[in-house]
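Following my numbering, the numbering of the sequence shown begins with 82 at its first residue and continues without gaps.
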Amino acid sequence: MVVGTRYARSLLNLALDNGQLESVYADMLMVRQLCITNDDFVNMLENPIIKTDKKQNILKEIFTGKVNDLTMKFMTLMAEKRREGYLDDIAFAFVEQYKIYKNIITAVITSANGLDPVAKEKLMAMIKATATGEIELVEKIDKNLIGGFKVQVGDKLVDASVLKRLNELRKTFKENPYVKEF
82 MVVGTRYARS LLNLALDNGQ LESVYADMLM VRQLCITNDD FVNMLENPII KTDKKQNILK
142 EIFTGKVNDL TMKFMTLMAE KRREGYLDDI AFAFVEQYKI YKNIITAVIT SANGLDPVAK
202 EKLMAMIKAT ATGEIELVEK IDKNLIGGFK VQVGDKLVDA SVLKRLNELR KTFKENPYVK
262 EF
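See below:
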């Protein structure tokens with residue numbers, strides 16, 4: 082991940098210098114999504130048996146006309162330098178560094194059935210009151226929570242789920258504080 086972070090920082094600075102930050106950000110989101118959804122693509126990038134020129138041709142075939150020229154040149158350079166296996170890490174690190182640069186905070190709200198719009202608005206208002214910057218909301222559904230929700234903003238987690246309460250009750254009953262010992 083360290084290598085990916087360094088290349089991502091270089092790409093971010095290059096995009097800023099060329100006034101193409103938003104375009105490169107959109108490209109890196111696309112690359113990241115492709116890496117998440119297509120294991121064959123990632124395996125191809127990481128396979129040392131596949132020659133560099135073949136990887137460059139595959140990258141050009143996939144991305145030409147879909148990404149910025151700066152992004153295309155960057156990916157081609159990564160393949161030339163035999164760093165194409167880090168493309169997924171670079172895309173992930175770029176997105177994270179972009180969010181830091183733009184002061185975007187990601188709030189992950191996990192609920193059992195999805196939140197209704199009123200509850201979502203109330204949660205967003207609470208998050209905005211405690212956080213500085215633009216809030217990016219990511220909503221997840223986890224049926225294991227049974228009810229309630231969990232909100233994670235950065236390294237802070239608020240767990241107001243039924244599952245948490247049940248686990249706390251289970252722990253309390255295991256300790257059995259209600260029985261007096263003789």
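Even glycine gets a Cβ: it sits at the ideal position worked out from N, Cα and C.
DSSP bridge partner residues for residue i (one or two, in chain order)
i	result
Glu202	Glu202 is not bridged to any residue.
Residue i (DSSP reduced to helix, strand or coil)
i	result
Ile130	coil
Gly85	helix
Asn248	helix
Lys257	It is Asn, not Lys, that sits at residue 257 in the sequence shown. Of the three classes helix, strand and coil, the one that applies to Asn257 here is coil, per DSSP.
Asn94	helix
Proximity test, residue i beta-carbon vs the ligand ZN heavy atom, cut-off 7 Å
i	result
Lys209	The model on display carries no ligand, and the ligand ZN is accordingly not part of it.
Length of the line joining the Cα atoms of residue i and residue j
i	j	result
Ala96	Lys180	14 Å
Phe173	Asn257	47 Å
Lys221	Asp240	14 Å
Glu278	Phe155	Given a span of 82 to 263 for the chain in the structure shown, any question on residue 278 remains unanswerable.
Asp134	Asn94	27 Å
Asp223	Ser192	6 Å
Ile130	Ile227	48 Å
Ile117	Leu168	12 Å
Thr145	Met111	13 Å
Lys183	Asp98	15 Å
Counting only runs of 4+ residues fully inside the region 188 to 241, write out the alpha helix (DSSP H) ranges in chain order. 198 to 211
Curious, which full-length beta strand (DSSP E) runs of at least 3 residues does the region 108 to 187 contain? none
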